[in-house]
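Right, one structure below, let's go through it.
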Amino acid sequence: MDKANKKDSSGLTPTQIAWVVKDIVKSKTFFQEMLGVTNFSPTVTTRLKEYDGTYYGEPSDAENLVAMAYSGGTFIELIQPISGKSIFKDYIDNNPTGGVQHIAYSTPIANLDKVISEFENKGFTVISSFDTPIAKIVFFDTREEIGVFTEIMGITKEGEKAVQEMKIGMAQQ
Numbered sequence: 025m026d027k028a029n030k031k032d033s034s035g036l037t038p039t040q041i042a043w044v045v046k047d048i049v050k051s052k053t054f055f056q057e058m059l060g061v062t063n064f065s066p067t068v069t070t071r072l073k074e075y076d077g078t079y080y081g082e083p084s085d086a087e088n089l090v091a092m093a094y095s096g097g098t099f100i101e102l103i104q105p106i107s108g109k110s111i112f113k114d115y116i117d118n119n120p121t122g123g124v125q126h127i128a129y130s131t132p133i134a135n136l137d138k139v140i141s142e143f144e145n146k147g148f149t150v151i152s153s154f155d156t157p158i159a160k161i162v163f164f165d166t167r168e169e170i171g172v173f174t175e176i177m178g179i180t181k182e183g184e185k186a187v188q189e190m191k192i193g194m195a196q197q
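To convert, take the position in the sequence shown, counting from 1, and add 24; that gives my numbering.
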């Protein structure tokens, strides 16, 4: 494991920086032309109701456009809210030009409940979540402390394989 992806004592690995944007095509173009990040995945539509998505404890019907790239040891995620209630829609409503909305850390799925408990014991509650085949994902509102939300991804065995495949595939583009 390289130093940039080394786990800290909490068992969390810095994994991703996510921008919520108003125009995903324009944002991808900027990353490609200005920053040399040319290996973005195709843009896909995510429907949170398909992943038991929640928004402040209630079911979420949000839809977003999402594209990812792997660059410099970190995943770059671009999210363009389309519809429904979500922390991404809230963000773009409050920040019309977009920006860095969250930083993600990963941990094995077996450690996720422990991490959630540690956050909750410090007064942070899960404000949004969704459950995909590769990871159970939870968000905490840490804006007051660090200016952005914190995402914790509990990576499944299938997810470990998928992440390695994404890293290899995106590195070859």
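Where a beta carbon is used, it is the ideal one built from N, C-alpha and C, also for glycine.
{"Asked": "Asparagine 118: first and last residue of the uninterrupted alpha helix (DSSP H) it sits in", "Found": "111–118"}
{"Asked": "In DSSP terms, what isoleucine 41 is bridged to", "Found": "Ile100, Ile127"}
{"Asked": "Beta-carbon proximity list for asparagine 135, same chain, < 6 Å, skipping 5 on both sides", "Found": "Gly35"}
{"Asked": "Residues of its chain near serine 51, where Cβ-Cβ distance is below 7 Å and the 5 sequence neighbours each way are ignored", "Found": "Trp43, Val45, Leu102"}
{"Asked": "Meets three-Cβ-pair contact criterion under 8 Å: the region 154–167 and the region 177–188", "Found": "yes"}
{"Asked": "Outcome for isoleucine 48 when other beta-carbon atoms lying within 10 angstroms are tallied against a minimum of 16", "Found": "buried"}
{"Asked": "Glycine 183, DSSP secondary structure in three states", "Found": "helix"}
{"Asked": "Residue range of the unbroken beta strand (DSSP E) whose run includes leucine 89", "Found": "87–95"}
{"Asked": "Residue(s) in a DSSP beta bridge with aspartate 155", "Found": "Lys160"}
{"Asked": "Burial state of methionine 92 (16 or more Cβ within 10 Å)", "Found": "buried"}
{"Asked": "Range covered by the alpha helix (DSSP H) that runs through valine 61", "Found": "Valine 61 -> no alpha helix (DSSP H), and no H or E assigned at all."}
{"Asked": "Start and end residues, alpha helix (DSSP H) containing valine 139", "Found": "133–145"}
{"Asked": "Per-residue DSSP class, three states only, for valine 172", "Found": "coil"}
{"Asked": "Residues that DSSP places opposite arginine 71 in a beta bridge", "Found": "Glu87"}
{"Asked": "Close Cβ partners of glutamine 40 (< 6 Å) along its chain, the five nearest in sequence each way excluded", "Found": "Phe99, Glu101, Ala128"}
{"Asked": "DSSP state of threonine 78 mapped onto helix, strand, coil", "Found": "strand"}
{"Asked": "Stretch pair the region 113–129 + the region 67–75: three plus CB contacts closer than 8 Å", "Found": "no"}
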